[in-house]
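Colleague: This structure is in structure tokens; I'll ask about it shortly.
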Amino acid sequence: MAEQTSSRPFYRRQPGGELYCGGVSLEPVAKRFGTPLYVYSADQIAERLGMFQRALAGLDHLVCYAVKANSALAILKLLAKRGAGFDIVSGGELERVLAAAPEAAGRVVFSGVGKTIAEIDAGLKAGILAFNVESEAELALLAARARKLGIRARFALRVNPDVFADTHPYISTGMREHKFGIDIKRARMIYKHAAGDRWLEAHGVSVHIGSQIRSADPFGAAIERVSKLVTQLKGDGIALKAIDAGGGLGIDYHDGSFDAAAKVEEYAEALIRALGDFEGQLQIEPGRFLVGQAGALVARVLYVKRNGNKTFVITDAAMNDLIRPALYQAHHEIVSVRPRTGKACVVDVVGPVCESGDFFARDRKLPPLEPGDLVALLDAGAYGMAQSSNYNSRLRAAEVLVEGAKARLIRRRETIGDLLATEQL
Ligand SMILES: *Cc1c(COP(=O)(O)O)cnc(C)c1O
């Protein structure tokens, strides 16, 4: 892989030198805060948000960051300060937004197939922008709660456009056989029916076809279908104010020379073309693209061991810290923080968890590694810490945010006290 890259904030000042994030060397940061440690670049997150905002500057738009990708309060705050809204999928995520940036409540859209009464009530009371409703039963419940609380509910139907997106099956969501959304063919009838309810306001229509989608084409195809529906509804006297194109724009986990700005422009063009003459607001819900490449998981090598003809590099980070390789067979580049010279070897990089699925890389050619060395797993800013767990009763990692030449702890490492706090004998 390229050592100094435009798509990642992690780089070396000279070939073979130590790894930096922005203006901060990772070695002292790892010593100070311990490992495993998530390190994020605030500057890159802000830069990525700016790419979307610039690409959509010609039209009314709102970038709603998908909180589930990385829900760190400090990251939510920095995005809110720069005008982002939020896409949430639970009451817990709503509380995070309210804690980090209460002024952004009116820029929140609430997605998810299984909203509870308590979650709907919390969203109504917070005055969120819209509920992305995923079934007729949910719409009926939303209307009932709105009536009960005396708060009118803005909604968008999340339609299922039946568009194929080439990605991992676990994160493809836009086809009829998936649990998400409402069949686009039924949507018109549901909007017409809802028009008779004074507690419901048809705010928009939303789609989300999946995650880690590298091509702009399926996004355009989905919005074309949505635009047709919007035109039909206009004819029915229902004027929607917003089209929410969802998230899902993918990054390149292999090649560090990936041109993020060009990708965003291509994506925005596909959406804008498909919107036709729609004059309302375009909402998008990027998660991974905003934070994925901004983060690395820094781990220390505990042991190097040989079993037969295989070499295992055992790190102090494990699948409970970063589950993507185990769950999605995902690839993460692994680099030494201070590379040693010598012959590269083919190794498996694994964690200490008692599962054969606990690996970060298999048969990977890496420069020599020895116990005590630091490695960085790149592109770990999205769906890393957010999907971490206490499996094997391991304490969850700390998180550090780098702003310019400063590194700041934004989440302390868990303690044994945290681990045992909710239990009783
Ligand atoms: C997960 C999700 C997103 C974000 O997806 P990314 O691939 O991280 O951009 C956006 N909207 C909805 C409804 C989601 O479920």
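Positions 354 to 778 (my numbering) are the ones given, in order, by the sequence shown. The beta-carbon is built from N, C-alpha and C at its ideal position, and this holds for glycine as well.
1. Going by alpha carbons, who is nearest to leucine 748 out of Arg641, Leu772, Gly734, Leu730?
2. With a threshold of 8 Å between beta-carbons, can glycine 573 be considered close to chain B, or not?
3. Can you give the Cα-Cα distance for asparagine 743 and leucine 778, rounded to whole angstroms?
4. Where do the N-terminal and C-terminal ends of the beta strand (DSSP E) with leucine 675 fall, by residue?
5. Along the chain, where does the alpha helix (DSSP H) containing histidine 561 start, and where does it finish?
6. So is the beta-carbon of glutamine 777 under 7 Å away from any non-hydrogen atom of ligand 1?
7. Helix, strand or coil: how does DSSP classify threonine 768 here?
8. So, do the segment 696 to 710 and the segment 625 to 640 have three or more beta carbon pairs nearer to each other than 8 Å?
9. Apart from the five residues just before and just after glutamine 634, which ones in its own chain have a Cβ nearer than 7 Å to its Cβ?
10. Answer yes or no: the CB of aspartate 519 versus the heavy atoms of ligand 1, is any distance below 7 Å?
11. Since arginine 578 and proline 639 should fall inside the 8 Å C-beta cutoff, what is the C-beta to C-beta distance between them, to a whole number of angstroms?
12. Judging by CA-CA distance, which residue of Tyr736, Phe713, Val702, Met738 is the nearest neighbour of proline 721?
13. For the beta strand (DSSP E) that contains phenylalanine 439, what are its first and last residues?
14. Over the uninterrupted beta strand (DSSP E) stretch that includes glutamine 636, give me the two end residues.
15. Taking the alpha-carbon of glutamate 632 as reference, which of Ser424, Val583, Thr668 has the nearest alpha-carbon?
16. Can you find a heavy atom of ligand 1 that lies under 7 Å from the Cβ of phenylalanine 386?
17. Per the contact definition of three or more C-beta pairs closer than 8 Å, is the segment 756 to 763 in contact with the segment 667 to 680?
18. Are glycine 459 and leucine 482 touching if we call contact CB-CB under 8 Å?
19. Measuring CA to CA, which of Arg766, Thr664, Ala475, Ile604 is closest to tyrosine 736?
20. Classify glutamate 487 as helix, strand or coil using the three-state DSSP reduction.
21. To the nearest angstrom, how far is it from the Cα of leucine 762 to the Cα of glycine 387?
22. Classify alanine 613 as helix, strand or coil using the three-state DSSP reduction.
23. Would you list, in sequence order, the uninterrupted beta strand (DSSP E) runs of no fewer than 3 residues that lie entirely inside the segment 689 to 751?
24. Spatial neighbours of glutamate 554 within its chain, please: CB distance less than 8 Å, with the 5 preceding and 5 following residues excluded, ordered by chain position.
25. Can you pull the DSSP bridge partners for asparagine 423?
26. Quick one: what does DSSP say glutamine 777 is sitting in, helix, strand or coil?
27. Comparing alpha-carbon positions, which option in Lys658, Gly369, Phe363, Arg567 lies nearest glycine 376?
28. Where does the unbroken alpha helix (DSSP H) through arginine 460 begin, and where does it stop?
29. What is the DSSP secondary structure of histidine 546, counted as helix, strand or coil?
30. Along the chain, where does the beta strand (DSSP E) containing isoleucine 667 start, and where does it finish?
31. Compare the C-alpha of aspartate 608 against each of Val461, Leu731, Gly467, Ser394 and name the closest.
32. Rounding to the nearest angstrom, what Cα-Cα distance links alanine 433 and alanine 647 in this structure?
33. Tell me the DSSP secondary structure of alanine 506 in three-state form.
Modeller: By the coordinates alone:
1. Leu772
2. Included in the structure is just one protein chain, with no chain B present.
3. 19 Å
4. Careful: leucine 675 lies outside any beta strand (DSSP E) and carries neither H nor E.
5. Boundaries for histidine 561: no alpha helix (DSSP H) harbours it, and the DSSP string shows neither H nor E there.
6. no
7. coil
8. no
9. Asp413, His414, Leu415, Lys594, Ala595
10. no
11. The pair is not a contact, with the Cβ atoms about 20 Å apart (cut-off 8 Å).
12. Val702
13. 438 to 441
14. 634 to 637
15. Val583
16. no
17. no
18. yes
19. If we check each option's Cα against that of tyrosine 736, Ile604 comes out closest.
20. Reduced to three states, the DSSP call for glutamate 487 is coil.
21. 11 Å
22. helix
23. 698 to 703, 712 to 719, 727 to 730
24. Arg505, Ala506, Arg507, Phe508
25. Looking at the DSSP assignment, asparagine 423 forms no beta bridge with any residue, so it has no partner.
26. Here glutamine 777 sits in coil by DSSP.
27. Phe363
28. For arginine 460, there is no enclosing alpha helix (DSSP H), as DSSP marks it with neither H nor E.
29. Histidine 546 falls in the helix class under three-state DSSP.
30. Note, isoleucine 667: beta strand (DSSP E), 663 to 668.
31. For aspartate 608, the nearest C-alpha among the options comes from Leu731.
32. Pairing alanine 433 with alanine 647, the inter-Cα distance amounts to about 17 Å.
33. strand
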